[in-house]
Every structure is written in structure tokens, then in C-alpha cells.
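Chemist:
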Amino acid sequence: MIHAFSRIALVAALSLAAGPLMAQSESGQDKAADSDWVSQTTQTCASCHGKNGVAQTPNFPIIAGQYQDYLLHSLKAYRDGERENAVMAGQVQNMSNDQLEALARYYSRQTDTPLHTPYLDD
Ligand code: HEC
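Using the working numbering, the letters of the sequence shown correspond one by one to residues -6 to 115.
Structure (C-alpha cells):
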């Protein structure tokens, strides 16, 4: 009995420890982040953030036209647990850096948006 229990505890402890490491190795360059992937994935994002990132209710932030590096920073922070939000963490938890970059690029380039982000060098 005791043996069986400590075995379970050990497995649980190991998988807890391995979790963040696996998330790290999954964030490599190997997953597709092409335009097909982006158009499929952004359909999911659209259910909360609206079509092309213009949310229709104040419950969800408008992400269209936001700075690309801000978007990328936020997405990585959700994935890596630095920005704690269960909903968004679930959205991006298995995505690679390339995939997050592709999403950040896509939303930052939307021009039909009420969000105003002036470029300092303009
Ligand atoms: C089920 C609803 C839902 C879905 C689906 C969803 N989001 Fe979000 N998203 C939210 C909420 C709620 C927040 C605000 C969370 C917070 O307070 O940090 C948010 C925040 C964000 C932010 C930070 C915005 C800011 O101004 O700081 C980004 C970027 C983002 N989401 C991108 C995405 C992308 C890309 C997808 C698709 C892969 C996605 N979201 C899917 C609900 C959702």
C-alpha cells in the first residue's frame, strides 16, 4: 500500500516538474505557423475577440492594431504563466514561439480597428 502510494506521489511530482520543461521544448521552431494555420486559429480567437480582433463587448480586449511586440509579449506571458488568466492560458498553452509570433503579426496588421497605436517614428 505504502509503496503504491509513494509511487503515485513520485509520478505526480515528476509530471509537475516536467510540465514547464515540456512546455519549453514545445515552444521550439517545429510547429507550422503558416497562413492556413493562422486563419484557422484566429477563428477560435474571434469567438471572444471578434472578427479580426475587434471585440464587440468590453469583456474582451480589442487586439486588432495593437503593437506586434505587445501582443507577442502578452501571448508568451499567458503561455508561460507570467500573466495569469485561465481563459487565455488555455488558448495558447501548446503554441510555439513561431505560432505566437504569427498571431501577433496578424493582429497587429489589422487596419480596420478603433484601437489607435501611434508609431513613435512616424
Ligand atoms: C474564451 C474567450 C477567449 C478566446 C477564445 C481568446 N481570448 Fe484572448 N483574451 C480573452 C480575455 C478574457 C482576455 C483578457 C484577459 C486578461 O485580463 O488578462 C484576453 C486577452 C488577450 C490578449 C491580451 C490583450 C491585451 O490588451 O493585453 C491577447 C493578445 C489575446 N487575448 C489574444 C488571443 C488570441 C490570439 C486568441 C486565439 C488564439 C485568443 N486571444 C482567444 C478571452 C479570449
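Glycine included, C-beta positions come from ideal geometry on N, C-alpha and C. Just so it is clear, the structure is predicted and the values come from calculations on it, not from any experiment.
Regarding glutamine 84 and the ligand HEC, is the C-beta to nearest heavy atom distance less than 7 Å?
Modeler: At least one heavy atom of the ligand HEC is nearer than 7 Å to the Cβ of glutamine 84, so yes.
Chemist: Considering only the alpha carbon of each residue, which of Ser40, Asn45, Tyr63 lies closest to asparagine 52?
Modeler: For asparagine 52, the nearest C-alpha among the options comes from Ser40.
Chemist: Identify, in the order they occur along the chain, each residue of the same chain with its Cβ nearer than 6 Å to the Cβ of arginine 102, setting aside the five sequence neighbours on each side.
Modeler: Answer for arginine 102: no residue qualifies.
Chemist: Taking 6 Å as the limit between beta carbons, can you name the residues of its chain near tyrosine 99, skipping five residues before and five after?
Modeler: Closer than 6 Å at the Cβ level, and outside the excluded window around tyrosine 99, lie Val31.
Chemist: By Cβ distance, which residues of its chain are closer than 6 Å to glycine 46, with the 5 residues on each side in sequence left out?
Modeler: Closer than 6 Å at Cβ, skipping near neighbours: Ile56, Ala57, Tyr100, Gln103.
Chemist: Under 8 Å between the Cβ atoms of alanine 25 and leucine 65?
Modeler: Not in contact: alanine 25 and leucine 65 (Cβ atoms no closer than 8 Å).
Chemist: Do you know offhand how far asparagine 78's Cα is from leucine 108's?
Modeler: The straight-line gap from Cα to Cα measures roughly 22 Å.
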